[in-house]
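Worksheet: one structure, shown below.
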Amino acid sequence: MDEKKLVEGLKKKQLWAYEVLYDRYARRLGSVVKSYLGVDDIDDVIQETFIKVFKNIKKFKGNSKLSTWLYRIAVNICKDIIAKRKRQNHLLVDFQEGEDQYISEPPATTDVFKEVMDELSFEELMDIIAKLSEEDRLLIKLRDIEGMTYDEIAEILEKPVGTVKSRLHYARKRLRELLEEVEYDV
Numbered sequence: 013m014d015e016k017k018l019v020e021g022l023k024k025k026q027l028w029a030y031e032v033l034y035d036r037y038a039r040r041l042g043s044v045v046k047s048y049l050g051v052d053d054i055d056d057v058i059q060e061t062f063i064k065v066f067k068n069i070k071k072f073k074g075n076s077k078l079s080t081w082l083y084r085i086a087v088n089i090c091k092d093i094i095a096k097r098k099r100q101n102h103l104l105v106d107f108q109e110g111e112d113q114y115i116s117e118p119p120a121t122t123d124v125f126k127e128v129m130d131e132l133s134f135e136e137l138m139d140i141i142a143k144l145s146e147e148d149r150l151l152i153k154l155r156d157i158e159g160m161t162y163d164e165i166a167e168i169l170e171k172p173v174g175t176v177k178s179r180l181h182y183a184r185k186r187l188r189e190l191l192e193e194v195e196y197d198v
């Protein structure tokens, strides 16, 4: 089903459209949420994201992809939670706490991942990625695991494309350094 038909169905409040949207994006959103907050918040943030989408779908103009809009909403919710926790002086939930229920497939796209997947299990790679900062994890997940374009990531993060490219470059560099520490030649 194409995106335009899905958006029309959502705007008409058709049940099938809500089901398709959830089935298509819940797992991927869960992966992004996990990179920000950890597993404990995945279900709540996904639920809040879809509620906001359903309430505000009439405002969606189609200037970006629906998935980009969804990711931006989820990232903003995550940022709000982080800000609230910092105000309350709570520690963030560890990225790798608990069982990984939302990322079950190994990353398939970039050279960094192609090179290490021969030597590392997916779980080992995710453990190493967990050592990166929140922003580094998110950038690597969006670009290298989810396969999003720089433009989509820039829109989600509300940053210029050049900034996204630069930060992703340094995130990958830090990932390579971590991989070298565990003696995997990248």
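Heads up, the sequence shown is in the working numbering, so the first residue is 13 and it goes up one at a time. We put the beta carbon where it would ideally sit given N, CA and C, even for glycine. These figures come from a predicted structure and were not determined experimentally.
Between residue 169 and residue 87 a beta carbon distance of about 7 Å is seen, short of the 8 Å cut, so the two are scored as contacting.
Assigned with DSSP and collapsed to three states, residue 88 falls in helix. By the Cβ neighbour-count rule, residue 29 is buried, with 16 or more other Cβ atoms within 10 Å of its own. Taking residue 154 as the centre and dropping the five residues before and after it, the same chain places the C-beta of 44, 83, 160, 164, 165, 168 closer than 8 Å to its C-beta, in chain order.
Check the Cα spacing between residue 192 and each of 140, 37, 174: the tightest is with 140. In summary, residue 47 is buried, with 16 or more beta-carbon neighbours lying within 10 Å of its beta-carbon over all protein chains present.
According to the DSSP assignment, residue 161 belongs to no alpha helix (DSSP H), since it is labelled neither H nor E. In the DSSP assignment, residue 39 falls within the alpha helix (DSSP H) that extends over 27 to 49.
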